[in-house]
Structure formats: structure tokens, C-alpha cells
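Chemist:
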Amino acid sequence: MDSSNASSPRLRLIVRQTTKICDSTMRAIVWNPEDELHGHLELSSAEDIRIVNTTIYFEGVSRNWINETNVLVPRILSTERKFLSQAHDILLSSIIRKESSPGAFVFDVPFHFIISRAIPCSTPNSPEQCLRLPPSLNLGEQYVDQSTGIHYAQPSITYFLRAAVSFAGGSQQNCTLLETFLPVTIAPYTEELPPTETNDFPMEFKERESKILQRSYLGGTLGTMSVSLQEPPAIIYNVSSTGTSTSALLRLEFESTSASPRNVPKILQGLSFTVFSLIRVKTFYSVKSFPRLPSQSLLESFNEMRLRDGIVKLETQLIRDVSWDFRYDSNDNNATLASQYEPFPIHKAVLRISKRNASTTNELTGKWISNWTIPIEVEGRLLPTFCTSLVARFYTLIVRVKVARARQEMFDLEVPLQVIHAPPRESGSTILEDIREQFLGYRRASEVSWFSDEFLESEHEPPQYYL
0 MDSSNASSPR LRLIVRQTTK ICDSTMRAIV WNPEDELHGH LELSSAEDIR IVNTTIYFEG
60 VSRNWINETN VLVPRILSTE RKFLSQAHDI LLSSIIRKES SPGAFVFDVP FHFIISRAIP
120 CSTPNSPEQC LRLPPSLNLG EQYVDQSTGI HYAQPSITYF LRAAVSFAGG SQQNCTLLET
180 FLPVTIAPYT EELPPTETND FPMEFKERES KILQRSYLGG TLGTMSVSLQ EPPAIIYNVS
240 STGTSTSALL RLEFESTSAS PRNVPKILQG LSFTVFSLIR VKTFYSVKSF PRLPSQSLLE
300 SFNEMRLRDG IVKLETQLIR DVSWDFRYDS NDNNATLASQ YEPFPIHKAV LRISKRNAST
360 TNELTGKWIS NWTIPIEVEG RLLPTFCTSL VARFYTLIVR VKVARARQEM FDLEVPLQVI
420 HAPPRESGST ILEDIREQFL GYRRASEVSW FSDEFLESEH EPPQYYL
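Note that numbering that gives the first Met the number 0 has the sequence shown beginning at 0, numbered continuously upward.
1) Taking the alpha-carbon positions, what's the Y151 to T282 distance?
2) For Y142, which residues from the same chain have a beta carbon less than 7 Å from its beta carbon, with the 5 sequence-adjacent residues on both sides left out?
3) Return helix, strand or coil for D107, following the three-state DSSP convention.
4) CA-CA distance, V226 and W323?
5) R261 by DSSP, collapsed to three states: which one?
6) State the start and end residues of the unbroken beta strand (DSSP E) segment that holds F289.
7) Which residues share a DSSP beta bridge with R392?
8) T195 to E79, Cα distance in whole Å?
9) Which class does N52 belong to by DSSP, given the choice of helix, strand or coil?
10) Select from R15, E35, A162, F104 the residue whose C-alpha is nearest the C-alpha of I89.
11) Using the Cβ count rule (16 or more neighbours within 10 Å means buried), how would you classify M224?
12) Where do the ends of the beta strand (DSSP E) carrying S296 lie?
13) Distance, Cα to Cα, I419 vs P383?
14) Bridge partners for E196 per DSSP, in chain order?
15) Where does the unbroken beta strand (DSSP E) through L248 begin, and where does it stop?
16) Have a look at S7, N31, V29, L40 and flag the residue whose alpha-carbon is nearest the alpha-carbon of I13.
17) Candidates I375, T175, Q153, V60: which alpha carbon is nearest R305's?
18) Enumerate in chain order the residues of its own chain whose CB-to-CB distance from Q213 is below 8 Å, with the five nearest sequence positions on each side excluded.
19) In angstroms, rounded to a whole number, what distance separates the CA positions of V321 and C129?
20) Skipping 5 residues on each side, what residues in its chain have a beta carbon closer than 6 Å to that of E67?
21) Quick one, are the C-beta atoms of V311 and V280 less than 8 Å apart?
22) Pick out whichever of E46, L270, F82 has its Cα sitting closest to the Cα of P101.
23) Mind checking if D308 is an interface residue toward chain D, Cβ cutoff 8 Å exclusive?
24) Let me make sure I understand the geometry here. Which of A421, K210, V414, P422 has the alpha-carbon closest to that of P201?
25) If L36 sits next to E208, beta carbons under 8 Å apart, how far is it from one beta carbon to the other, in whole angstroms?
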């Protein structure tokens, strides 16, 4: 990268890239933690100069901006936070004067960095996941500060090499400072964390919902159905995967209020279900340090923070002939008759109600249970789950279950989901792919408002964004 015009001394940073492959989507070389940045700084001049001091830095910076709210005359608020700075002071003896044509003076300065895995932090209570190196990221609208020329985004995380050289020409005593920059794209590795303590975020997640089912709007009550969802195993990418998958366990429980319990199997067999699912992409960004781990509830009290909300749609499933098992109450005398149940593929499910159970149902109390496996298949690569003092990326799994052949009811659930970029088992190049993501143009009115049926059932492909 040149730092001046042809008649003035020029700086150029050159990084050895022989072991890296250019990413076709980002049009950039992607580097990983613990990679070595080898290269050299080239200083060229039309006159002989004397180098006084040279320092080369590897730095990471967040640059975010927001529109001020709740004021008569809103302003643009921006911040620049340097979260990583590694410096390499160059010994004068290491500077090499290269042979060049007459009238040209060229100096070569070698450098070497090892990309860190973690962010230096002086706060002892910072969450573990907020101490890892975050990925390069540039989302949302751009804002350029006209006084400095600095670019901000919503949000932005950038890495770059920076070289600063002080030199004097000829017999001059006063030094001139010259700087140049070279962007570096970082894709860090991450580790899976323990499941989220959802009780710590009562307004953030919804793991269970219960509703009374009716035959119709004017019909009698069938019973109470409860739907629950657990946090699924993390989505894990290795260095070469362009897609990945996991699955979630969805449980349905039905307690009949019918005066004729032996009719319950027929009622359950007559139900059908449609399952809509999507991955919600939540990018929190701020112009001041988060006072605690960012969440949707924090938006109400922390005016300097914003949420960039997006989704990745998953496959919709139509489910019929669901398999149910009866679970007896623990205080029932016939509890020893209870059948064993376990998750099984829904596309192979059949109604499994034994004659023995049906003949004794009148004397039994308990609930009917069905466990489903919900596939989560993602094409392309998502950024890993991460957080810093100004930017955080979290994911959730949203599932809507619609019940048909009775009075139509919907159950809406949202649980945490981790996205992990696993380190390589052996050396290799990382090539990222794009992912189709649709960003929402609005903020949900509350934590219990959900996406419309038209949106969930739409077959239109969302626009492409790089994550």
C-alpha cells in the first residue's frame, strides 16, 4: 500500500502469502490465530535519507456509529476502540539497504508477528467468551467522519498492519514521520461453551409453551398441549466445511380432559403439524462498553447500544402420523406398565399404542409424549459466536409449531444456539463461503412478538449478505 505520491518517500507493506489461498467471496487472504505474519516494509525515496526510528504494529480496532435517539436534534455518535496492539520496534541494524537504480534509494525492513488467540484484558470479571480474538466484520450502513476520513460501520471490526517510520533527508535535523497501513482479515477459532443458563435471561428465551386445544372455535376442549425445546448442540465448522448441521430435540406433551380417555389415541392420530424453524442472528454493537453481557433486555436501559437483527431460514416440515407414548404418573398403581420412549425420526413415525394400554386407559392418569428431532442444516459459513466490549454476535433457534385438524394453535419457542469454528487438526487453508441472511428492517415490539405467517411460509429467497 503506497502512502504518498511518486515524488515523495513511499512506504509499502508486503506480507508473504505463499501458504494462504485468496478467498473468492471476500477477495482477501484469510488469517487465523497463531498464524505467522512474515513480511517486509519497503521504503523508497528519490534522495538519500537517514532512518531514525521504525515501528511496525499489528492492530485490531472496532469502529461503530449510531443515530442518537430520544432527543429533539439527533446526532451521529461514533466510537473507535483499539482492542489489540502488538508492536515490533525495528533495530537500525536490521534495516537492509537494497541495490537500486541511480537516483533511487530503497530500504528493506523485515518483520514477524504471531497472531494472538486472545484479547488483552484488565477487567478480571470479563466473560470467557469475550476474551477471544473476534473475527473481521463490517456490517450495516457506512459513516465517514469528514474531519478525519475514518470509516465507521454498524458494526466494524478491522485488523491491519501499520508501519511508522521517522527519517531525515540529507543534512536535515528535523525528522519526518511517514505511515502506511495494510488490512488483514482474521477468522478466529472458537470453543464450545456450556449450555446457556436461560434463567439468567428471562426475557430472552422461551423454552416451553402450553395451550388448551379445542376441536373448533365452538367445540369442546380436547386437553392441554405443551411444547418444549432444548438448546441444541452447537453448529460446528471445521476449516474446510462450506456447510454444517446439527439437530434440536422438540418435545410435545398432551394431557387429555376428555371424559372418554380411550378416545385420546384417535384424537392424537388425527392431528397434523407444521414446523417452521429459523436461525436468528443477533449482532449487538455499541459506542460505549457494554455494562454486562449484551442482551435484548439491555436495549431498554442502555441507549448507546443497538441490535442488528437477521435470520437464516431453515427447512419447513409437515408432520403427520406422529408417534406417541403414554407416560404414567409416578403415583399411579399401573406405572410399571409405562412404555419406554426415546427420540426417533419423525418421517418414520407411526402411532404406537398397545391394546394393553388402551384397555386400561380408563384407570390411568398421565400424559402422552412425543419426541421429535428437528434438523438444523446450514449451507455456507456463519461467523462464530463471540463478544467484545463493543460488539457481540449471538444466535438463537426459533421454532414455530402449528397444529392442524383441531382449532389451529401455534407454539413459538426460542432457545440459544452456539456457532463454533473449530481449529484444524492439521495445517491447511481456510476458505469462507457466503451465507444467505435476511436482516430485519424493524425491531420486534416485544420479546413475545414473532414473525408473521406470511414471512415464515414465503418461498422467496432472502438477499445475500456476507457474514
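Each residue gets a CB set at the ideal place from its N, CA and C atoms; glycine is no exception.
Modeler: By the coordinates alone:
1) Each residue's Cα considered, the two are about 16 Å apart.
2) Excluding residues within five positions, the ones whose Cβ falls inside 7 Å are W64, I75, S77, Y151.
3) DSSP places D107 in strand when its eight states are reduced to three.
4) Each residue's alpha carbon lies about 14 Å from the other.
5) Here R261 sits in helix by DSSP.
6) Element bounds for F289: n/a, residue is neither H nor E.
7) Looking at the DSSP assignment, R392 forms a beta bridge with T282, F385.
8) Cα to Cα, the separation comes out at about 30 Å.
9) Three-state result, N52: strand.
10) Answer by Cα proximity: A162.
11) By the C-beta density criterion, M224 is buried, having at least 16 other C-beta atoms within 10 angstroms.
12) Counting along the chain, S296 falls outside any beta strand (DSSP E), and DSSP gives it neither H nor E.
13) In a straight line, the C-alpha of I419 is about 5 Å away from that of P383.
14) According to the DSSP secondary-structure assignment, E196 is paired through a beta bridge with no residue.
15) Judged by DSSP secondary structure, L248 falls within the beta strand (DSSP E) whose first and last residues are 242-255.
16) With distances taken between Cα atoms, I13 lies closest to L40.
17) Looking only at I375, T175, Q153, V60, the smallest Cα-Cα distance to R305 is reached by Q153.
18) Beyond the five residues adjoining it in sequence on each side, Q213 comes within less than 8 Å, by CB distance, of G219, T220, L221, A405, R406 in the same chain, given in chain order.
19) V321 and C129: Cα-Cα distance of roughly 43 Å.
20) Excluding residues within five positions, the ones whose Cβ falls inside 6 Å are P73, R74, L76.
21) Taking 8 Å as the Cβ cut-off, V311 and V280 qualify as a contacting pair.
22) The shortest Cα separation from P101 among E46, L270, F82 belongs to E46.
23) Absent from the structure: chain D. Only one protein chain is present.
24) The residue from A421, K210, V414, P422 with its alpha-carbon nearest to that of P201 is V414.
25) So it is not a contact: roughly 51 Å between Cβ atoms.
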